[in-house]
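This report concerns only the one structure given below.
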Amino acid sequence: MIQWFRNRKPELQPVPQPIEQAQKSLAFNALCHQFPAREKYRVLDLGPATARNVEFFGRIRCRLHIEDLFNTLVSFDYFSASGRASNDAVLSYLMPFPRNTRFDAVLAWDLPNYLDRDILRQVMQHIARYCGKGTVLFAWVSTNRYVPETPLRFEIMDEETLQCTGETAVLRAAPNYDAPEMPRLFPGFRICNSFALRNGYREYLLIFE
Amino acid sequence: MWKKSEEERPEISVPPASIRTPQPVKEQALIGPSLIVRGDITGEEDLVIQGQVEGKVILRNNNITIGRNGRIRADVLGKTITVEGSVQGNLVAEEKIVVRQAGEVKGNMQAPRVNLEDGAKFKGSIDMDGTAAEKPRVAGGEKEDKAAAAVQGDLMGKAGQSAKS
Numbered sequence: 012m013i014q015w016f017r018n019r020k021p022e023l024q025p026v027p028q029p030i031e032q033a034q035k036s037l038a039f040n041a042l043c044h045q046f047p048a049r050e051k052y053r054v055l056d057l058g059p060a061t062a063r064n065v066e067f068f069g070r071i072r073c074r075l076h077i078e079d080l081f082n083t084l085v086s087f088d089y090f091s092a093s094g095r096a097s098n099d100a101v102l103s104y105l106m107p108f109p110r111n112t113r114f115d116a117v118l119a120w121d122l123p124n125y126l127d128r129d130i131l132r133q134v135m136q137h138i139a140r141y142c143g144k145g146t147v148l149f150a151w152v153s154t155n156r157y158v159p160e161t162p163l164r165f166e167i168m169d170e171e172t173l174q175c176t177g178e179t180a181v182l183r184a185a186p187n188y189d190a191p192e193m194p195r196l197f198p199g200f201r202i203c204n205s206f207a208l209r210n211g212y213r214e215y216l217l218i219f220e
Numbered sequence: 359m360w361k362k363s364e365e366e367r368p369e370i371s372v373p374p375a376s377i378r379t380p381q382p383v384k385e386q387a388l389i390g391p392s393l394i395v396r397g398d399i400t401g402e403e404d405l406v407i408q409g410q411v412e413g414k415v416i417l418r419n420n421n422i423t424i425g426r427n428g429r430i431r432a433d434v435l436g437k438t439i440t441v442e443g444s445v446q447g448n449l450v451a452e453e454k455i456v457v458r459q460a461g462e463v464k465g466n467m468q469a470p471r472v473n474l475e476d477g478a479k480f481k482g483s484i485d486m487d488g489t490a491a492e493k494p495r496v497a498g499g500e501k502e503d504k505a506a507a508a509v510q511g512d513l514m515g516k517a518g519q520s521a522k523s
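Same order as they appear, the protein sequences are chains H and W.
Counting with our numbering, you get residues 12 to 220 for the letters of the first sequence.
Counting with our numbering, you get residues 359 to 523 for the letters of the second sequence.
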């Protein structure tokens with residue numbers, strides 16, 4: 012996993028300005044209404060911490076776990092005296108959730124576009140251990156040939172609007188995962204809703220069974 | 359010639375006793391940038407940390423600021439906690455936690471209100487009440503997860519011991 016991140020080289024393409032747009036999101040709106048009635052919600056945010064997202068979830072009784080997984084994986088510098096650690100051991104070290112944790116929602120944002128198939132499946136397999144029946148997962152998967160070199164920054168404006176900001180104008184090849192692959196890439200989840208967006212992304216709402 | 363009669367002596371007005379009473383000055387302690395503290399810090403005054411702290415910081419009724427030069431590996435319990443430096447540990451506040459743009463926190467945060475400025479780095483969990491208008495949670499007064507309860511219970515136990523002494 013670590014080698015995969017280090018060997019990737021950006022493809023320099025003549026590109027327009029970095030993305031910065033407010034996007035209506037039917038899938039995120041559906042996620043907000045999918046939560047079962049509960050005293051306290053647990054949300055796993057795989058993106059970086061943003062003031063707006065903390066403020067949004069601060070309006071409900073919630074424990075918000077922020078993992079910033081992309082930057083965590085990129086900056087993780089590991090060594091093992093006995094040899095290469097398994098990816099499962101690395102993921103357990105990087106995301107050591109309490110054993111009895113059960114997330115109500117997982118916000119993967121556009122992270123799937125930055126992990127190859129095996130790594131994405133292993134990451135989601137690890138997260139699935141902390142999901143229960145009814146856990147919803149939100150993800151954007153690109154149908155474009157290229158995606159920004161680093162994940163977009165998602166800020167929740169309200170229950171149906173996301174502000175998406177690209178940190179860089181440099182692009183890389185997109186993996187273009189399609190719908191039939193999703194159950195294999197997200198073990199335990201099935202597609203609940205899926206919407207094609209004009210910006211070339213398809214947003215998915217998956218539910219854990 | 360120089361002697362003045364008593365009638366001519368200027369009157370010296372003496373302000374009432376209540377005005378003369380000096381106002382209490384809010385104490386604020388400082389751990390400077392060259393200081394390294396290993397152990398538990400307890401007390402009854404505000405604290406600014408610009409140095410390094412390893413252990414626990416328990417100032418339940420006071421404001422704690424981890425300044426830009428502050429580097430702490432500690433659990434922190436305070437009234438309000440403001441982070442401008444680096445924290446590895448759990449933060450529990452009776453009123454509010456603020457992580458400034460330059461701040462970096464790895465650990466869990468628990469407070470009725472949590473403010474994260476854009477640019478602040480955070481990894482961990484944030485336990486939020488749902489509304490700032492709610493009465494601040496008293497540590498141990500509500501059902502909590504084991505992890506948060508362990509932090510709070512441990513910190514409150516120490517605070518209780520220090521208060522008695």
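A virtual CB, placed ideally from N, CA and C, is assigned to each residue, including glycine.
Simplified DSSP state of residue i, which is helix, strand or coil
{"i": "H/L173", "result": "strand"}
{"i": "H/N204", "result": "strand"}
{"i": "H/F87", "result": "coil"}
{"i": "H/R113", "result": "coil"}
{"i": "H/I71", "result": "coil"}
{"i": "H/F165", "result": "strand"}
{"i": "H/M193", "result": "helix"}
{"i": "H/P123", "result": "helix"}
{"i": "H/R128", "result": "helix"}
{"i": "W/Q408", "result": "coil"}
{"i": "H/V181", "result": "coil"}
{"i": "W/E452", "result": "strand"}
{"i": "H/F219", "result": "strand"}
Exposed unless 16 or more other CB atoms sit within 10 angstroms - verdict on residue i
{"i": "W/V456", "result": "buried"}
{"i": "H/A119", "result": "buried"}
{"i": "W/R396", "result": "exposed"}
{"i": "H/S179", "result": "Looking at the sequence shown, residue 179 of chain H is not Ser but Thr. The residue is exposed, with fewer than 16 neighbouring Cβ atoms inside 10 Å."}
{"i": "W/I422", "result": "buried"}
{"i": "W/K414", "result": "buried"}
{"i": "H/R201", "result": "exposed"}
{"i": "H/Y104", "result": "exposed"}
{"i": "W/G390", "result": "exposed"}
{"i": "W/K501", "result": "The predicted position of W/K501 is uncertain, since its pLDDT is 39 and thus under 50; a value taken from the coordinates is nonetheless stated next. The residue in question, W/K501, is exposed, as its Cβ has fewer than 16 Cβ neighbours within 10 Å."}
{"i": "H/P252", "result": "Since the first and last residues shown for chain H are 12 and 220, residue 252 of chain H lies out of range."}
{"i": "H/H76", "result": "buried"}
Interface flag, residue i vs chain B, CB-CB below 7 Å
{"i": "H/A33", "result": "No chain B is part of this structure, whose protein chains are labelled H and W."}
Sheet register partners of residue i (DSSP bridge)
{"i": "H/Y212", "result": "H/S153"}
{"i": "H/E31", "result": "H/T176"}
{"i": "W/V586", "result": "Given that chain W is displayed from residue 359 to residue 523, the structure contains no residue 586 of chain W and the question cannot be resolved."}
{"i": "H/P159", "result": "H/L182"}
{"i": "W/E462", "result": "W/S444 and W/K479"}
{"i": "W/L417", "result": "W/G436"}
{"i": "W/R429", "result": "W/Q410 and W/S444"}
Q: Please name the residues in the stretch 100-124 of chain H whose beta-carbon is closer than 7 Å to at least one beta-carbon of chain W, in chain order.
A: P109
Q | Stretch-stretch touch, CB-based, cutoff 8 Å, three pairs: the stretch 135-146 of chain H with the stretch 157-171 of chain H | A | Per the Cβ contact rule, the stretch 135-146 of chain H is not in contact with the stretch 157-171 of chain H (fewer than 3 Cβ pairs under 8 Å).
Q. Are the stretch 33-45 of chain H and the stretch 195-206 of chain H touching by the rule of at least three beta carbon pairs closer than 8 Å?
A. yes
**Q.** Cβ-based contacts, 8 Å cut-off: residues of the stretch 469-486 of chain W near chain H
**A.** The stretch 469-486 of chain W vs chain H, Cβ under 8 Å: R471, V472, N473, L474, E475, D476, A478, K479, F480, K481, G482, S483, I484, D485 and M486.
Q. Counting pairs of beta carbons, one from the stretch 435-454 of chain W and one from the stretch 464-479 of chain W, are three or more of them closer than 8 Å?
A. Contact between the stretch 435-454 of chain W and the stretch 464-479 of chain W is established, with three or more Cβ pairs separated by less than 8 Å.
**Q.** Within 8 Å of chain W by C-beta, residues of the stretch 69-83 of chain H in sequence order
**A.** G69, R70, I71, R72, C73, R74, L75, H76, I77, E78, D79 and T83
Q) Does the stretch 419-433 of chain W come within contact of the stretch 402-411 of chain W, defined as at least 3 CB pairs closer than 8 Å? A) Below 8 Å, enough C-beta pairs join the stretch 419-433 of chain W and the stretch 402-411 of chain W to call them touching: three or more.
Q: Quick one: which residues of the stretch 160-184 of chain H get their C-beta closer than 7 Å to a C-beta of chain W? List them in chain order.
A: none
Q | Validate contact between the stretch 141-160 of chain H and the stretch 180-198 of chain H using beta carbons, cut 8 Å, 3 pairs | A | Contact holds: three or more Cβ-Cβ distances are below 8 Å.
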